[in-house]
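Asks: Protein sequences appear in the order of chains C and Z.
Note that this note's numbering has the first sequence beginning at 50, numbered continuously upward.
Note that this note's numbering has the second sequence beginning at 50, numbered continuously upward.
Backbone N, C-alpha and C fix where the C-beta goes; we use that ideal spot for every residue, glycine too.
2 protein chains.
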Amino acid sequence: MPLIPVSDPDDPRLAPYRAVRERDVVGHGERFVAEGEVVLRLLVEGGRGAGPRFATESALIAEHRADALAALLGKLPEEVPVYVAGRTVMDAVVGFPIHRGVLAIGRRPAPETPAALLARLPERALVVALSGVSNHDNVGGVFRNAAAFGADAVLLDGACCDPLYRKAIRVSVGASLVLPFARGGSGAALIDALDAAGFATFALSPAGAQELGEVVPARRTALLLGAEGPGLAPELMARSRTVRVAMAGGFDSLNVATTSGIALYALTRGRLA
Amino acid sequence: MPLIPVSDPDDPRLAPYRAVRERDVVGHGERFVAEGEVVLRLLVEGGRGAGPRFATESALIAEHRADALAALLGKLPEEVPVYVAGRTVMDAVVGFPIHRGVLAIGRRPAPETPAALLARLPERALVVALSGVSNHDNVGGVFRNAAAFGADAVLLDGACCDPLYRKAIRVSVGASLVLPFARGGSGAALIDALDAAGFATFALSPAGAQELGEVVPARRTALLLGAEGPGLAPELMARSRTVRVAMAGGFDSLNVATTSGIALYALTRGRLA
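1) Would you identify the three-state DSSP class for threonine 307 (chain C), choosing helix, strand or coil?
2) Can you find a C-beta in chain Z that's less than 8 angstroms from the C-beta of valine 176 (chain C)?
3) Counting along the chain, where does the alpha helix (DSSP H) carrying proline 283 (chain C) start and finish?
4) With 8 angstroms as the threshold, decide whether the Cβ of valine 191 (chain C) is near any Cβ in chain Z.
5) Quick one: which chain C residues come within Cβ less than 9 angstroms of arginine 293 (chain Z)?
6) Once DSSP output is grouped into helix, strand and coil, what is the label at alanine 322 (chain C)?
7) Would threonine 162 (chain C) be called buried (16 or more neighbouring beta carbons within 10 Å of its own) or exposed?
8) Answer yes if the stretch 136-147 of chain C comes into contact with the stretch 215-226 of chain C, meaning at least three C-beta pairs across the two stretches below 8 angstroms, and no otherwise.
9) Quick one: what's got a C-beta closer than 6 angstroms to arginine 269 (chain C)'s C-beta in the same chain, skipping five residues either side?
10) Mind checking whether valine 87 (chain C) and asparagine 187 (chain C) have CB atoms under 8 angstroms apart?
11) Let me know if glutamate 79 (chain C) comes out buried or exposed under the rule of 16 or more other beta-carbons within 10 Å of its beta-carbon.
12) For leucine 303 (chain C), which residues of its own chain have a beta-carbon under 8 angstroms away from its beta-carbon, when the five flanking residues on both sides are left out?
13) So, is histidine 185 (chain Z) buried or exposed, given that buried needs 16 or more other C-beta atoms within 10 angstroms?
14) So which residues of chain C does isoleucine 154 (chain Z) contact, with C-beta pairs closer than 8 angstroms?
15) Start and end of the alpha helix (DSSP H) containing alanine 195 (chain C)?
16) Mind listing the chain C neighbours of alanine 306 (chain Z)? Cutoff is C-beta to C-beta under 7 angstroms, in chain order.
17) Have a look at the DSSP bridge pairing and note the partners of serine 107 (chain Z).
18) Taking glutamate 84 (chain Z) as the reference, which of Z:Thr308, Z:Ala245, Z:Met139, Z:Gly278 has the closest Cα?
19) Please report how far the alpha carbon of leucine 52 (chain Z) lies from the alpha carbon of alanine 120 (chain Z), in whole angstroms.
20) Excluding the five sequence neighbours on either side, which residues of its own chain have a C-beta within less than 8 angstroms of the C-beta of alanine 322 (chain Z), listed in chain order?
21) Compare the C-beta of alanine 322 (chain C) against all C-beta atoms of chain Z and say whether one is closer than 8 angstroms.
22) Strictly by DSSP, which residues pair up with alanine 83 (chain C)?
23) How would you call arginine 169 (chain C), buried or exposed, if buried means at least 16 neighbouring beta carbons within 10 angstroms?
24) Going by other Cβ atoms of all chains shown within 10 Å of its Cβ, with 16 needed for buried, is aspartate 59 (chain Z) buried or exposed?
25) Look up valine 292 (chain C) in the DSSP assignment and give the residues it is bridged to.
26) Which of the residues in the stretch 192-226 of chain Z, read from start to end, lie with their CB under 9 angstroms from any CB of chain C?
27) Exposed or buried, valine 82 (chain C), counting other C-beta atoms within 10 Å across all chains shown (16 or more means buried)?
28) I want to verify the contact list: residues of chain Z whose CB lies under 9 angstroms from the CB of arginine 318 (chain C), in sequence order.
29) Let me confirm a value: glycine 100 (chain C) is counted as buried when at least 16 other C-beta atoms fall within 10 Å, else exposed. Which label applies?
30) Quick one: list the residues of chain Z neighbouring glycine 95 (chain C), beta-carbon separation under 9 angstroms, in chain order.
31) Determine contact between the stretch 191-210 of chain Z and the stretch 126-135 of chain Z, defined as no fewer than three beta-carbon pairs at a distance below 8 angstroms.
32) What residues are listed by DSSP as bridge partners for alanine 202 (chain C)?
33) Using 8 angstroms as the threshold, is the C-beta distance between valine 191 (chain C) and serine 309 (chain C) below it?
34) So, are the CB atoms of isoleucine 240 (chain C) and serine 289 (chain C) less than 8 angstroms apart?
35) State yes or no: is the C-beta of arginine 156 (chain Z) within less than 8 angstroms of the C-beta of phenylalanine 230 (chain Z)?
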């Protein structure tokens, strides 16, 4: 694998890395930014023995990290350029200090509809569905938990943020590069797709009718979660079996990512080694 | 309650609010900064029907929030100054935009030792103990979960960050202003104090001997958690009953705050309404 030294922050080949933080705001179009060694590994190797889900367009590595990452970078296809720069140059390109010294640009494939994604899941499947979760930390946290508990996919309605936003990838510890997901449309359309694919949908809400520990998962089970403040829309709750997490009361409800972890734990207990 | 209008960003009475972000780095000494209406409410009123745990030294409120907060601010002792400023002045004082328009300075009481804190807990008690958790998001998240599931207190060793750091308070949704805590000393000293107070300590670790769902809580139960990367020190694990959360495997372990939520859920199920 040929390393390509770069020393000019204005090198046109580094355009995709320029002002990464601004890109975070305006969106990436077809590209996304992966950051850090753990995330790069999942981008390059994939996870769960499934191979990589995304094509890597290029990588930008700090000089002092190049040796330690040589074996991993060697797994990239030969035509993928790996740029190596000093820290000062790298920080100047990106616009802020990249302490980890590891960046890569991935390419997003054509989006998949929720129905198409659900159709290729196994007969016994567990899916997490999000409606209106626009906070990147929360979306990243949900992906991390979904991967940890072996969920098969994540569905997000169009009001959710992009799981391939840099910070969401980082908080997910790369899970959003590994777990299949589909994003777009309304929350009602997600439930339509889940219903059509034979999923039993359990909606988490402080006002849920059933306590989480009493839930018996179906062969195809979906967990539906909304944003912390507003919660799930009443029309989505009405189409789901509503579930609550028993709490001490008198205090603010749980963070949505934490709720997903508790619910995934409760639903998978006894089914995992 | 007299509102005190301020219009000069250099007003010496606003010194404690100056450069809040720098204070975050260097620490606050006796003072801490509370931010946002929910947190201010817990600072002023306390939680769990226990009254406020901290004295409020002053508040700084954006003009456009003053009317809506009048009833809450009226609960402060008469001698506590409430400064009111335009947003531009407020942002200039603090050094960055304060979108919520609500700040207050609290005063820290003399610190309590873990032993003294444990001694005043009820005979049936649940405590969360942290060793080496230096990330403010994680400490804040643990406090939020501890409050949600009715834990009685949080212990932190000296390698943990301050739960009264501004961001930790915010992520805790004010729980660190409500839940009693003690911080300092070594992890071993925390276990000494827990042992002496008759607590059964369960240490969460991916290598735990017992699965979480099999744990039968004792009358006095402590959950011990370490930082994500290094985990708990072997000598602390050796002095605890080790517990694991069953996961799908093949993916990174859980975030420490999420782990605390799952463990608190599992240990309190059947004991909460």
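Replies: Walking through what the data contain:
1) helix
2) no
3) 283-287
4) no
5) Residues of chain C passing the Cβ test: none, with the nearest at roughly 11 angstroms.
6) Note that alanine 322 (chain C) scores 39 on pLDDT, short of 50, meaning its location in the model is unreliable and no value can be drawn from it.
7) exposed
8) no
9) Ala174, Gly247, Phe248
10) no
11) exposed
12) Val294, Met296, Ile311
13) buried
14) Chain C residues near isoleucine 154 (chain Z): none, gap ~23 angstroms exceeds 8 angstroms.
15) 185-197
16) Thr307
17) Z:Ile154
18) Z:Met139
19) 12 angstroms
20) Bear in mind that the predicted position of alanine 322 (chain Z) carries a pLDDT of just 38, short of 50, making it unreliable; the figure below should be weighed with that in mind. Contacts found: none.
21) Below a pLDDT of 50, predicted positions are generally treated as unreliable, and alanine 322 (chain C), at 39, falls in that range; the measurement from the model is reported next regardless. Yes, its Cβ sits closer than 8 angstroms to a Cβ of chain Z.
22) C:Ala153
23) exposed
24) exposed
25) C:Leu253, C:Gln259
26) Arg193, Asn194, Ala196, Ala197, Phe198, Gly199, Ala200, Val220, Val222, Gly223, Ala224
27) buried
28) Glu260, Leu261, Gly262, Ala295, Ala315
29) exposed
30) By Cβ distance, chain Z contributes nothing, its closest Cβ being about 11 angstroms from glycine 95 (chain C), past 9 angstroms.
31) no
32) C:Val176
33) yes
34) yes
35) no
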